[in-house]
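Below is one structure, written out as structure tokens; the observations come after it.
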Amino acid sequence: MSAGGAFGGNRGVRPVPPDKGVFLLDHLHECDLEKKEYLACLKSTQFQSEKCRLFSKKYLECRMERNLMAKQDMSELGFTNADGVDAKTNRRVQQVIEREKIAV
Numbered sequence: 001m002s003a004g005g006a007f008g009g010n011r012g013v014r015p016v017p018p019d020k021g022v023f024l025l026d027h028l029h030e031c032d033l034e035k036k037e038y039l040a041c042l043k044s045t046q047f048q049s050e051k052c053r054l055f056s057k058k059y060l061e062c063r064m065e066r067n068l069m070a071k072q073d074m075s076e077l078g079f080t081n082a083d084g085v086d087a088k089t090n091r092r093v094q095q096v097i098e099r100e101k102i103a104v
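Position 91 of the sequence shown, counting from 1, maps to 91 under full-length UniProt numbering, and the rest follow consecutively.
So, in structure tokens, the structure goes:
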């Protein structure tokens with residue numbers, strides 16, 4: 001007989017919580033605009049996330065402001081004051097957002 005639990009799990013081993021705690025879902029869609037801008041940026045840059053760091057930063061800041069995640073210094077999350085988006089990428093993002101508004 002095995003000493004493990006169902007499906008081979010170990011009984012008595014305590015689960016370990018995630019390092020950053022709970023990441024609440026945005027049920028009220030408080031940060032939808034920031035999320036859509038970030039996803040549009042990813043689409044317009046063929047999913048090169050480094051070109052969308054500003055949008056990622058804005059999304060995380062929105063979540064922190066609305067207590068959807070723990071407040072943290074942005075430098076701890078890998079952002080600097082020099083992070084930004086060039087004008088060409090920003091223009092493409094706005095075009096993708098406009099196309100999605102028309103499609104909806």
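Ideal placement from N, C-alpha and C gives every residue a C-beta, glycine not left out. Here the structure is a predicted model, which means the values were calculated and not measured.
Neighbourhood of residue i by C-beta distance below 8 Å, restricted to the same chain and skipping five residues each side
| i | result |
| --- | --- |
| Cys31 | Tyr59, Cys62, Arg63, Arg66, Leu68 |
| Arg99 | none |
| Met1 | With a pLDDT of only 48 at Met1, under 50, the local geometry of the prediction cannot be trusted, and the value read off the model is given with reservation. Excluding residues within five positions, none has a Cβ falling inside 8 Å. |
| His29 | none |
Other residues of its chain near residue i: CB distance less than 7 Å, five sequence neighbours each side excluded
| i | result |
| --- | --- |
| Val13 | none |
| Lys35 | Tyr59 |
| Val104 | Note on Val104: pLDDT 47, under 50, position unreliable in the model; no value is reported. |
| Leu77 | Leu60 |
Chain-order list of residues whose beta-carbon lies under 6 Å from that of residue i (same chain, five-residue window excluded)
| i | result |
| --- | --- |
| Ser56 | Tyr38 |
| Cys41 | Cys52, Phe55, Val93 |
| Asp73 | none |
Cβ separation of residue i and residue j, assumed to be a contact under 8 Å, to the nearest whole Å
| i | j | result |
| --- | --- | --- |
| Lys51 | Thr80 | Going by Cβ atoms, the distance from Lys51 to Thr80 rounds to 15 Å, so no, they are not a contact pair. |
Host alpha helix (DSSP H) of residue i (start-end)
| i | result |
| --- | --- |
| Glu30 | Run containing Glu30: none; DSSP gives neither H nor E here. |
| Lys51 | Careful: Lys51 lies outside any alpha helix (DSSP H) and carries neither H nor E. |
Beta-carbon gap between residue i and residue j smaller than 8 Å
| i | j | result |
| --- | --- | --- |
| Arg96 | Ser44 | Reading off the sequence shown, one finds Val at residue 96, where the question assumed Arg. Their beta carbons are under 8 Å apart, which means Val96 touches Ser44 by this criterion. |
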